[in-house]
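Counting in full-length UniProt numbering, the sequence shown runs from 1 upward without gaps.
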Amino acid sequence: MQQLPPHLLEKLEERKAANALLETRASNSLVDFSSSDYLGMAASTALFEAANQYLLDKNITANGATGTRISTGNYSLYDEAEAMLATFHKTESALIFNSRYDANLGFFSSVPQKGDVIVYDEQVHASIRDGIRLSGAASFKFPHNDVKALYKLVEKHRSKAAELYIVTESVFYIDGDCPNLLGMAGVARRYKCRLVVDEAHAVGVFGEQGEGLALTHLQPDEIFAKIVTFGKALGCHGAAVLGSNGLRSYLVNFARSFIYTTALPPHALATIICAYKMLWEDEENRTALHNTIMHFKWETERLKLTSFILSFSGIHSIVIPGSGNAKKIAAVLQRDGYDVRPILPPAVPEGQERLRFCVHTFNTRSHITHVLEILRATLFSLKLV
């Protein structure tokens, strides 16, 4: 095969020089504080067996979808899964995409039009940003979780916009913090904007049955669209855009990341259906997660680890300025048996590097105490506290 062009090799060398080169890593046997498997469902044998039995009961033996959903790939499990999602999330309809990236790319590249305006939180996920770039709409970001700044931006641009979309996540993927959804909905209501909420890290964690955070604070008619994913707390794969029947029909016709990709295989759909059934029935697992999260927070307070960003979700980040420092501390924690990963540029600005801890139902209290004690000792040894 031909080698990479020199100017692209130079970009890689720049990343190396900045100590910010990203690499794929093999799985390991360390104690997991880095994955998004908040409820432990990705490794659940009960879920695996339930999905297999579900397919057997329906006499489905196909390995693949055979085509796009517009052609030959739209089999009956899709109808069942989307109806279940709409009921569970209290919305008119759902449209399943192959991933969160595909869902956000499909929605934001096709729904906002030239003449529209998108106002979004500066910390929204890269998939949202990429979709916005592909849209014909003007876009403006506001400082993280700053409703006053949002208000000013909307006030400035509303009269020029045919439609104005306000975009946020309900749990932010970098720090696990949450926005003021009531305040944002108030701005949307006053200026007749359309509120779009990405619930990737909230589904399975928040809500009476794990339906997410948005409906804890808002009524369904205050939200134009929600994006939910199945690869985090639900432990499987795929995503969906939730909204009106009209929105679903529009996306089927105009979202290119939906139209031009082979559909998910039957086993993926069966796993989604069974994961939601388990979520519906297993309140104890969600309660256990929140108890574990509270223990993590208590320990950060006891150990006076004050650089942790306030969060009540499964994500807890501590700011460690400098890629070298963040990578060095992560290496110490990994050496001692804990899988904690640094968050480096370009995911965060230079000087705002972080260590991100993801808390799960299967993390023991002793593991939490031990990993945080190692963190504190390492910070002291490097004179970072």
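A virtual CB, placed ideally from N, CA and C, is assigned to each residue, including glycine.
Proximity to residue i [Cα-Cα], best of the options
i	options	result
Val-187	Ile-273, Ala-43, Val-147, Ala-162	Val-147
Ser-170	Leu-164, Glu-163, Asn-180	Asn-180
Gln-176	Thr-262, Pro-220, Ala-200	For clarity, residue 176 is Gly in the given sequence; the question names Gln instead. Nearest of Thr-262, Pro-220, Ala-200 to Gly-176, Cα basis: Ala-200.
Ala-126	Val-348, Thr-369, Glu-373	Val-348
Gly-212	Ala-202, Asp-221, Pro-220, Gln-219	Ala-202
Leu-264	Arg-189, Pro-6, Asn-63	Asn-63
Ser-198	Tyr-191, His-217, Arg-189, Val-167	First, the amino acid is wrong: residue 198 is Asp here, not Ser. Nearest C-alpha to Asp-198: Val-167.
Tyr-338	Thr-72, Leu-372, Arg-189	Leu-372
Gly-204	Met-278, Leu-251, Thr-262, Gly-243	Met-278
Lys-152	Ile-128, Leu-47, Val-119	Val-119
residue 386	Trp-280, Met-84, Pro-5	The question about residue 386 has no answer, for the chain in this structure spans 1 to 385.
Ala-225	Ala-185, Glu-350, Leu-4	Ala-185
Leu-215	Arg-256, Leu-21, Ser-249, Val-196	Val-196
Asp-336	Leu-247, Ile-320, Thr-364, Thr-378	Thr-378
Asp-221	Thr-364, Pro-266, Glu-92, Met-1	Glu-92
residue 386	Val-340, Thr-369, Ile-368	Lying before the first or after the last residue shown, residue 386 is absent from the chain, which here runs from 1 to 385.
Leu-56	Ala-86, Leu-77, Gln-219	Leu-77
Phe-230	Ser-311, Gln-53, Ser-36	Ser-36
Residue i (DSSP reduced to helix, strand or coil)
i	result
Lys-192	coil
Leu-12	helix
Phe-230	coil
His-267	helix
residue 441	With the chain covering 1 to 385 only, the question about residue 441 has no answer from this structure.
Phe-107	helix
Phe-254	helix
Cys-178	coil
Arg-354	strand
Ser-92	Looking at the sequence itself, residue 92 is Glu, so the reference to Ser does not match. Coil, per DSSP.
Val-348	coil
His-360	coil
Val-203	coil
Ser-76	helix
Pro-6	helix
Thr-168	strand
Val-119	strand
Asp-198	strand
Val-385	coil
Thr-261	coil
Asp-57	helix
Asp-102	helix
Phe-97	strand
Thr-66	coil
For residue j and residue i, the rounded distance between their alpha carbons
i	j	result
Tyr-75	Ala-275	19 Å
Ala-65	Asp-116	36 Å
Phe-254	Ile-70	12 Å
Asn-245	Phe-296	42 Å
residue 391	Asp-79	This structure gives no information on residue 391, because the portion of the chain shown stretches from 1 to 385.
Val-124	Phe-172	7 Å
Val-228	Ala-240	5 Å
Ser-313	Leu-39	12 Å
Ile-309	Ile-318	6 Å
Tyr-165	His-157	11 Å
Ala-94	Gly-73	17 Å
Thr-262	Val-252	14 Å
Lys-141	Ala-46	43 Å
Asn-59	Ala-51	12 Å
Leu-375	Ile-315	16 Å
Ser-366	Thr-24	29 Å
Leu-384	Leu-242	44 Å
Cys-178	Arg-190	22 Å
Arg-286	Gly-210	8 Å
Ala-331	Arg-194	44 Å
residue 474	His-7	No answer is possible for residue 474: the residues shown for the chain start at 1 and end at 385.
Gly-238	Ile-96	7 Å
Glu-258	Gln-2	The amino acid at residue 258 is misidentified as Glu; the sequence shows Phe. Using only the alpha carbons, I get a separation of about 32 Å.
Gln-113	Thr-369	50 Å
Leu-22	Ser-159	43 Å
Phe-88	Ala-81	10 Å
His-217	Gly-183	10 Å
Glu-155	Leu-333	47 Å
is_contact[residue i, chain C] using C-beta, thresh 8 Å
i	result
Asn-363	Among the protein chains of the structure shown there is no chain C, as only one such chain exists.
- request: Could you tell me whether the segment 319-327 touches the segment 283-292, using the rule of 3 or more Cβ pairs below 8 Å?
  value: no
query: Would you call the segment 347-366 and the segment 30-44 touching, i.e. three or more CB-CB distances under 8 Å?
result: yes
query: Would you say the segment 101-111 touches the segment 128-137, given that touching needs at least three Cβ pairs under 8 Å?
result: yes
Cβ contact check for the segment 295-312 and the segment 88-107: 3 or more pairs under 8 Å: no
- prompt: Taking only runs of the beta strand (DSSP E) that begin and end inside the segment 205-249, which ones reach a length of at least 3 residues, in chain order?
  reply: 225-229, 239-243
message: Runs of 4 residues minimum, wholly inside the segment 123-151: which ones carry the alpha helix (DSSP H) assignment?
response: 126-134
query: With a cut-off of 8 Å, do at least 3 Cβ pairs link the segment 264-271 to the segment 328-348?
result: no
query: Which runs of the beta strand (DSSP E), 3 residues or longer, sit entirely within the segment 276-357?
result: 315-319, 341-343
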